[in-house]
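Asks: Position 101, counted from 1, in the sequence shown is what numbering that gives the first Met the number 0 calls 100; the numbers after and before it change by one each time, with no gaps. We put the CB at the ideal spot given by N, CA and C, even for glycine. Keep in mind it's a predicted model, so treat the numbers as computed, not measured.
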Amino acid sequence: MEKQMFKVTNNSKLYNFPFIGNGELGTALGPTGYHTGSYKGLCPEDDKANLTLFWAGRRFKDARGGNIKIPRVAPEELFGATIPLIRFGRFDRTLRVDGVKTRDENWQQMLDYDQATVVSELNHGEIFEKTDTLVCMTFNMLVFHTRLENRNKTAKKLNFAVDYIFGDADGNRAQGTRLFIRRPYPDDVVFGDIGGVRSKEIDLDKRPPHVLESLSVQYEIDMHLGEVHIGRYPMGVVRSTEHGGSFIHEINLQPGESTDLWFWVVLSDRIKYTHFPNFERVLNLIEAHKIAWADYWKKSAIEIGHPELEGIRKSSLYTIISSTSPWTITNGNQSTTWEGRIFHDEFFGYMGLLSNNYAALAERAPNHRLTILPMATQRSKGHGAFYAWEAIETGEESAPYGHWVDERFIHGQFSEESWQFYLRTGSKKALARYYPVLKGCTEWLIHDALTRDENGKLKIRSMTDIDEGLYPVESGIYITCATIRSLENAAKAAVSLGCDAEDAEKWSALATELRKSMPVNKEGNHYAYSENADLPNGGGHLGMVFPFSVDIHSELARNTISYGYKTFLESMEIKNANQVLSYTWMWALSHLATALFYQGRAEEGFKVLKQVPNTVGPFMAPNEQMREDIGAYLTWYTTGAGMYSFALTTIFVQVVDEYDAILLPAIPSELKNIRFHGLLATKGVTVSGEIRNGELVTLNLMSEKDMKWRFRIPKSYFDHVNFRKDLQASHPDELGRVLIECGLQNGINTLI
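As structure tokens, then:
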């Protein structure tokens, strides 16, 4: 894949700070590869808040004492009860050449997604500087590796300094922050003397520099106790400061010579103690990091002859993986993406991971819902599982006050997480494990969302639905579909597990009855946004097809998606950035494309998907929206990343119900030469194949055990492809698909 598309230079019109992370540690970087640099392009001012180190799950008690700026929130608003991430400090680098500070204006930067490394190059005339920055995937460590090269004909004297300041991007610290700063030395004693002194030398400045000397910044914030421990190689001066420390290297570079400097940062606390590595182990950990990312990229692949679309898939999966915490999939482990809090948006990142065969990583989402079920049960006062709108890792509500906290469709998405995991993996054990989540979501929706009008009609109460610009609404289409799907998921799970038979019967009956209350715009013969109000067709209108799949192919459903497609075409012409389905919204475009692919409308869906490159920012990074005034807004946003990476898979594989996977349901005619590998279907089976010159030439199924497996495929493929003779197809259904049953053996099974 051409990596040039992942580069940004000092002449680029747009700039956003690249993000690196391993799901626990995360940080944005400036053009130098540290937290500093000069840039001219459009970049949201709020993004500067991310130029510090974040650690998932480590939060202030509240925002009142944090002494921090909360992006997108006016200072007068009441956001004190929110629970933001702790800021663990920034690293500023300064380079002087023959005593003159460099201006750092001539640079280029690339995010190497293959190795999850930011490569920053600066040309200072006679001195060339290159820094590779990464957060190790297998270890809680941030690494800076800088190479300085003298391209002049005379010797140059360099002064390279890295200053670490504990706190936020502006150097501020929370009220009550206490720091204990020391410079560990090889002959220090472990526990110190009776007064706590560890060093054998009273005057630390008299100690000669040592290659094993480091900087330790222990912190106490609220109930958090931990340490930021920093090493360097080769030997240089280490100094402690009031709020951190400095690392200084004086270097004499002869013409043509180069030198390498390494700095590594390890975070440790009482939850996850991390042993500080020496330089040799740091190098080994970097190699382990590269291997781990290489293994991730082997899981699945999609090649469709559109480098930009393939590149966005890679940047999207990178974004989700690097922001999936030990708890679940966050919106992003940084300040601007809602302080790494956990929304219903996890569902879209989850589907992106699951469909692309990252099942183990994806499972953190339903597992998290199960883990915080006691908190959700407590919030419901015993009426099922009432999950918070904008939660922290414990399940505690952390949202600012507003009408969004009355949105209940989120429970349908949490239900669908558990159900999709069962469908995709075929694990009855997993279904039994997550059944309490399925049941809890259903019980809460019955208790809180369902009501009957004066005529006894079952419907959804007045509430905020997914479009927060119009509220409250009666029988919103998205929450109605979410409730139907949740009821049906729980009922089917109960039947499959042989439990709660009476409840399952009741849930099925309620779902059937509620289907009659899906709001319809009779004049347009399509589903309406709600019973009492409608909107231009946006993402909220598409829920019956995706994510809830309660009605995919009816005339009403097709008309609804057609209305959405018409809105999309109009928005392309007028470039109306206020339209939810306009070309500026990555999530909305991917959502509409998915709905079209679900209906088998390959050409229309692909036309929509091809607009996604217009929505991404520098480094082909996913973001919430592209804006004319500030450029890419809310970069490294996992919701759009998940929706897009999932949408691509639905061209090849769809799992919409408990029956059988649908293969090759929406291949656009313009894609004559494509390859795909490792896409997860049902029962743990992954699908790979190739279309060459418009003809299907390979279709392989990978299974981890011997079993009978069934799938649906358009009849046109079965009629024109030389499938194995033992494969028998049923008569085509009303959608022109045939059902094929095959015996799979453990390993790769070739069907053609």
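(1) Whole angstroms are fine: how far does the CA of Trp403 sit from the CA of Pro83?
(2) Would you say the stretch 3 to 20 touches the stretch 30 to 43, given that touching needs at least three Cβ pairs under 8 angstroms?
(3) Taking the alpha-carbon of Met374 as reference, which of Ala359, Thr393 and Tyr357 has the nearest alpha-carbon?
(4) Whole angstroms are fine: how far does the CA of Phe605 sit from the CA of Thr8?
(5) Between the alpha carbons of His590 and Met642, how many angstroms are there, rounded?
(6) Let me know the secondary structure DSSP gives Lys6 once reduced to three states.
(7) Output the boundary residues of the alpha helix (DSSP H) element that contains Ser702.
(8) Looking at the secondary structure, which residues open and close the beta strand (DSSP E) in which Asn149 lies?
(9) So what does DSSP say about Trp418, is it helix, strand or coil?
(10) Under DSSP, the alpha helix (DSSP H) around Thr35 begins and ends at which residues?
(11) Considering only the alpha carbon of each residue, which of Thr697, Val684 and Arg92 lies closest to Met706?
(12) Confirm, please, whether the CB-CB distance from Tyr434 to Pro365 is below 8 angstroms.
(13) Let me check understanding here. Comparing Cα to Cα, which of Asn536, Tyr528 and Leu633 lies closest to Lys565?
(14) Determine the closest residue to Ile126 out of Asn158, Val134, Leu141 and Gln114, with distance taken between C-alpha atoms.
(15) In the stretch 353 to 405, which residue ranges form an unbroken alpha helix (DSSP H) of at least 4 residues, counting only runs that do not cross its ends?
(16) Which two residues bound the contiguous alpha helix (DSSP H) that contains Trp292?
(17) Confirm, please, whether the CB-CB distance from Met585 to Thr614 is below 8 angstroms.
(18) For Met222, count neighbouring Cβ atoms within 10 angstroms of its own Cβ and tell me buried if that reaches 16, exposed if not.
(19) To which residues of the same chain is Leu750 closer than 8 angstroms at the C-beta, ignoring the five residues directly before and after it?
(20) Give me the Cα-Cα distance between Tyr658 and Gly630, rounded to the nearest whole angstrom.
(21) Which same chain residues end up closer than 6 angstroms to Lys47 when comparing Cβ atoms and leaving out the 5 residues on each side of it in sequence?
(22) According to DSSP, what are the bridge partners of Ala620?
(23) Report, in whole angstroms, the separation of the C-beta atoms of Pro678 and Phe710, which I expect to be a contact under 8 angstroms.
(24) What are the start and end residues of the alpha helix (DSSP H) that includes Trp586?
(25) DSSP state of Asp131, grouped into three classes?
(26) Does any residue of chain B bring its CB to less than 8 angstroms from the CB of Val161?
(27) Using 10 angstroms around the beta-carbon of Pro254, count the other beta-carbons present and answer buried if the total reaches 16, otherwise exposed.
(28) Give the DSSP-derived three-state secondary structure of Asn49 in the structure shown.
(29) Count the other C-beta atoms from every protein chain shown that fall within 10 angstroms of the C-beta of His34, then say buried if there are 16 or more, exposed otherwise.
(30) My understanding is that Glu330 touches Leu252, with C-beta atoms under 8 angstroms, so please give their C-beta distance in whole angstroms.
(31) By the DSSP assignment, the alpha helix (DSSP H) with Ser553 in it spans what residues?
(32) By alpha-carbon positions, which one of Tyr528, His274, Ser668 and Gly439 ends up nearest to Gly475?
(33) Where does Pro713 land, buried or exposed, given buried means 16+ other C-beta within 10 angstroms?
(34) Along the chain, where does the alpha helix (DSSP H) containing Ser715 start, and where does it finish?
(35) Specify whether the stretch 263 to 275 and the stretch 223 to 238 touch according to this definition: at least 3 beta carbon pairs, one from each stretch, less than 8 angstroms apart.
(36) Mapping DSSP to helix, strand and coil, what is Ala80?
Replies: Once the coordinates are examined:
(1) Position 84 of the sequence shown holds residue 83. Position 404 of the sequence shown holds residue 403. About 19 angstroms.
(2) Enough Cβ pairs lie closer than 8 angstroms, so yes.
(3) Numbered from its first residue, the sequence shown carries residue 374 at position 375. Measuring from the Cα of Met374, the nearest candidate turns out to be Thr393.
(4) Sequence index remark: in the sequence shown, residue 8 carries index 9 (1-based). Sequence index remark: in the sequence shown, residue 605 carries index 606 (1-based). Across the structure, Thr8 and Phe605 are spaced so that their CA atoms are roughly 31 angstroms apart.
(5) Taking the first residue of the sequence shown as 1, we reach residue 590 at position 591. Taking the first residue of the sequence shown as 1, we reach residue 642 at position 643. Near 6 angstroms, if we compare the C-alpha coordinates of Met642 and His590.
(6) In the sequence shown, residue 6 corresponds to position 7, counting from 1. Lys6 falls in the strand class under three-state DSSP.
(7) On the sequence shown, residue 702 is found 703 positions in, with the first residue counted as 1. Premise fails: Ser702 lies in the beta strand (DSSP E), Glu694 to Ser702, not in any alpha helix (DSSP H).
(8) Start at 1 with the first residue of the sequence shown, and residue 149 comes out as number 150. Where Asn149 is concerned, the enclosing beta strand (DSSP E) starts and stops at Met140 to Asn149.
(9) The residue given as residue 418 occupies position 419 in the sequence shown. Note: Trp418 maps to helix in three-state DSSP.
(10) As a working note, residue 35 is residue 36 in the sequence shown. Counting along the chain, Thr35 falls outside any alpha helix (DSSP H), and DSSP gives it neither H nor E.
(11) Your numbering for residue 706 matches position 707 in the sequence shown. Minimum Cα distance to Met706 is reached at Val684.
(12) Counting from one through the sequence shown, the residue named residue 365 turns up at place 366. Counting from one through the sequence shown, the residue named residue 434 turns up at place 435. Taking a C-beta distance under 8 angstroms as the contact criterion, Pro365 and Tyr434 do not qualify as a contact pair.
(13) To locate residue 565, count along the sequence shown from 1; it is residue 566. Cα-wise, what sits closest to Lys565 is Asn536.
(14) Taking the sequence shown and counting its residues from 1, the one referred to as residue 126 is at position 127. The residue with the shortest Cα to Cα distance from Ile126 is Asn158.
(15) Correct list: 358 to 361, 363 to 370 and 372 to 379.
(16) Counting from one through the sequence shown, the residue named residue 292 turns up at place 293. Run containing Trp292: Phe278 to Lys297, per the alpha helix (DSSP H) assignment.
(17) Taking the first residue of the sequence shown as position 1, residue 614 is located at position 615. Taking the first residue of the sequence shown as position 1, residue 585 is located at position 586. Against a cut-off of 8 angstroms, the Cβ pair of Met585 and Thr614 comes out as a contact.
(18) Counting from one through the sequence shown, the residue named residue 222 turns up at place 223. It counts as exposed.
(19) Taking the first residue of the sequence shown as position 1, residue 750 is located at position 751. For Leu750, where only same-chain residues beyond five positions count, the Cβ hits under 8 angstroms are Leu698, Asn699, Leu700, Phe722, Arg723, Leu726 and Cys741.
(20) If you number the sequence shown from 1, residue 658 lands on position 659. If you number the sequence shown from 1, residue 630 lands on position 631. Across the structure, Tyr658 and Gly630 are spaced so that their CA atoms are roughly 44 angstroms apart.
(21) The sequence position of residue 47 within the sequence shown is 48, counting from 1. Same-chain partners within the cutoff: Ala168.
(22) For the purposes of this step, residue 620 is taken as the residue at position 621 of the sequence shown. Looking at the DSSP assignment, Ala620 forms a beta bridge with Gly616.
(23) Position 679 of the sequence shown holds residue 678. Position 711 of the sequence shown holds residue 710. According to the sequence shown, residue 678 is Leu rather than Pro. Approximately 12 angstroms separates the beta-carbon atoms of Leu678 and Phe710; this is outside 8 angstroms, ruling out the contact.
(24) In the sequence shown, the residue the question calls residue 586 occupies position 587. First-last of the alpha helix (DSSP H) with Trp586: Met585 to Tyr597.
(25) For this step, residue 131 is matched to residue 132 along the sequence shown. Looking at Asp131 - three-state DSSP - the assignment turns out to be strand.
(26) Reference to chain B is not applicable here, since this structure consists of a single protein chain.
(27) Position 255 of the sequence shown, counted from the start, is the residue given in the question as residue 254. Under a 10 Å Cβ-count criterion, Pro254 is classified as exposed, with fewer than 16 other Cβ atoms of the shown protein chains found around its own Cβ.
(28) The residue given as residue 49 occupies position 50 in the sequence shown. Here Asn49 sits in helix by DSSP.
(29) Looking up residue 34 in the sequence shown gives position 35. Of the other Cβ atoms in all chains shown, 16 or more fall within 10 Å of the Cβ of His34; this residue is therefore buried.
(30) Locating residue 330 in the sequence shown gives position 331, where the first residue counts as 1. Locating residue 252 in the sequence shown gives position 253, where the first residue counts as 1. The identity of residue 330 in the sequence shown is Asn, whereas the question assumes Glu. The pair is not a contact, with the Cβ atoms about 44 angstroms apart (cut-off 8 angstroms).
(31) Stepping through the sequence shown from its first residue, residue 553 is reached at position 554. For Ser553, there is no enclosing alpha helix (DSSP H), as DSSP gives it neither H nor E.
(32) As a first step, residue 475 is located in the sequence shown; it is residue number 476 there, counting from the start. Nearest option by C-alpha distance: Tyr528.
(33) Position 714 of the sequence shown, counting from 1, holds the residue named residue 713. That one is buried.
(34) Here residue 715 corresponds to residue number 716 of the sequence shown, with the count starting at 1. Going by DSSP, Ser715 is part of the alpha helix (DSSP H) stretching over Lys714 to His719.
(35) Counting Cβ pairs under 8 angstroms, three or more are found: they touch.
(36) The residue given as residue 80 occupies position 81 in the sequence shown. Taken through DSSP and simplified to helix, strand or coil, Ala80 comes out as coil.
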